[in-house]
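In this note's numbering, the protein residues as written are 376 to 543.
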Amino acid sequence: MATYTEYLDFDTEEDKLKQQQLYQATKLSAQTAAAVKKISRPQNWLLAAAPYCPDCRVFVPFIQKMAELNPNIRVNYIARNDFDDSSRFDNPRQQEIVRTNQKIPALFLIGHEEAGPVFSEFPQVVLNQIAADETRRTELRDAYRAGEFNADVEVQIVAALAWAEQRC
Numbered sequence: 376m377a378t379y380t381e382y383l384d385f386d387t388e389e390d391k392l393k394q395q396q397l398y399q400a401t402k403l404s405a406q407t408a409a410a411v412k413k414i415s416r417p418q419n420w421l422l423a424a425a426p427y428c429p430d431c432r433v434f435v436p437f438i439q440k441m442a443e444l445n446p447n448i449r450v451n452y453i454a455r456n457d458f459d460d461s462s463r464f465d466n467p468r469q470q471e472i473v474r475t476n477q478k479i480p481a482l483f484l485i486g487h488e489e490a491g492p493v494f495s496e497f498p499q500v501v502l503n504q505i506a507a508d509e510t511r512r513t514e515l516r517d518a519y520r521a522g523e524f525n526a527d528v529e530v531q532i533v534a535a536l537a538w539a540e541q542r543c
């Protein structure tokens with residue numbers, strides 16, 4: 376598992392720069408910041424992601440900025456090409472669950488991986504729209520990458536943090 380700084384080095388310098396640019400451009404809403412600051416119990420998250428992935432580049436700044444706002448939120452990063460390396464995981468079951476998911480970005484609460492990822496590839500609102508009309512997948516993916524669902528990403532992560540607050 377890696378830190379955010381190590382995550383940035385998972386891929387090329389070009390990918391790193393793209394990720395850093397989106398990180399700088401990403402702003403949390405005041406409502407999100409207030410909710411994040413209220414987290415009172417330590418939470419350890421595992422995020423399968425890579426800077427080359429446009430979907431990860433959108434998602435990562437949100438969870439990383441939330442972690443920076445509250446030291447109770449800790450995020451460990453893992454690259455998809457490390458899914459087969461058991462030394463990157465706390466235990467074999469954790470590795471199996473992450474490897475089975477295969478999608479990035481995918482966010483798991485460490486110690487509660489059995490529940491599955493709380494975020495997988497796209498925000499739930501996008502996944503629901505794709506399920507309703509598969510022909511819109513590319514359109515919705517592009518809209519997500521353009522930031523049109525950023526508020527939904529924030530809401531979904533805050534809900535996951537609240538869920539984790541009850542379990543940690």
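Built from N, CA and C at the ideal position, the CB exists for glycine as well.
Quick caveat: nothing in here was measured; it's all calculated off a predicted structure.
Bridge partner(s) assigned by DSSP for LEU421: For the purposes of this step, residue 421 is taken as the residue at position 46 of the sequence shown. Paired residue(s): ASN451, PHE483.
Whole-Å CB distance - LEU479 paired with ARG455, under 8 Å assumed: Residue mapping note: residue 479 aligns to position 104 of the sequence shown, counting from 1. Residue mapping note: residue 455 aligns to position 80 of the sequence shown, counting from 1. Going by the sequence as given, residue 479 is Ile instead of Leu. Yes, they are in contact, since the Cβ atoms of ILE479 and ARG455 sit about 6 Å apart, within 8 Å.
Rounded separation between PRO417 and CYS543 - CA only: Taking the sequence shown and counting its residues from 1, one reaches residue 417 at position 42. Taking the sequence shown and counting its residues from 1, one reaches residue 543 at position 168. Approximately 7 Å, taken between the alpha carbons.
Beta-carbon gap between PHE464 and LEU482 smaller than 8 Å: For the purposes of this step, residue 464 is taken as the residue at position 89 of the sequence shown. For the purposes of this step, residue 482 is taken as the residue at position 107 of the sequence shown. In this structure, LEU482 does not lie closer than 8 Å to PHE464 by Cβ.
From ASP459, PRO429, GLU488, VAL473, residue whose alpha carbon lies closest to that of ALA535: Start at 1 with the first residue of the sequence shown, and residue 535 comes out as number 160. Minimum Cα distance to ALA535 is reached at GLU488.
Among TYR519, THR407, THR387, ALA490, the one whose alpha carbon lies nearest that of GLN499: What you label residue 499 is simply residue 124 of the sequence shown in a count that begins at 1. Closest in C-alpha terms to GLN499, from the list TYR519, THR407, THR387, ALA490, comes TYR519.
Cut-off 8 Å between Cβ atoms - residues of its own chain near GLU496, not counting five sequence neighbours on either side: Looking up residue 496 in the sequence shown gives position 121. Here the set comprises ASP430, LYS478, ILE479, PRO480, ALA481, LEU502.
Which listed residue (ARG432, SER415, LYS412) has its alpha carbon closest to that of PHE385: Within the sequence shown, numbered from 1, the residue matching residue 385 stands at position 10. Minimum Cα distance to PHE385 is reached at ARG432.
Whole-Å CB distance - PRO446 paired with TYR398, under 8 Å assumed: Within the sequence shown, numbered from 1, the residue matching residue 446 stands at position 71. Within the sequence shown, numbered from 1, the residue matching residue 398 stands at position 23. In fact, because the Cβ distance is near 19 Å, the residues do not count as touching under 8 Å.
Status (buried if at least 16 other CB within 10 Å, exposed otherwise) for THR407: Walking along the sequence shown from the start, residue 407 turns up at place 32. Classification of THR407: buried, given that the 10 Å Cβ count is 16 or more.
Residues near ARG512 in its chain [Cβ-Cβ closer than 6 Å; skip 5 each side]: By one-based count along the sequence shown, residue 512 stands at place 137. For ARG512, where only same-chain residues beyond five positions count, the Cβ hits under 6 Å are ILE505.
Extent of the continuous alpha helix (DSSP H) run through PRO429: Taking the sequence shown and counting its residues from 1, one reaches residue 429 at position 54. Where PRO429 is concerned, the enclosing alpha helix (DSSP H) stretches over 429 to 444.
Length of the line joining the Cα atoms of ILE448 and GLN394: Looking up residue 448 in the sequence shown gives position 73. Looking up residue 394 in the sequence shown gives position 19. Their Cα atoms are separated by approximately 21 Å.
One or two residues paired with ALA535 in a DSSP bridge: The sequence position of residue 535 within the sequence shown is 160, counting from 1. The secondary-structure analysis by DSSP pairs ALA535 with nothing; it has no beta-bridge partner.
Close-in-space but distant-in-sequence residues of the same chain around ARG474 (CB under 6 Å, 5 per side omitted): For the purposes of this step, residue 474 is taken as the residue at position 99 of the sequence shown. Closer than 6 Å at the Cβ level, and outside the excluded window around ARG474, lie PHE458.
Identity of the residue in GLU381, LEU392, GLU389, LYS413 nearest ALA423 by Cα: Position 48 of the sequence shown, counted from the first residue, corresponds to residue 423. Out of GLU381, LEU392, GLU389, LYS413, GLU381 has the C-alpha closest to the C-alpha of ALA423.
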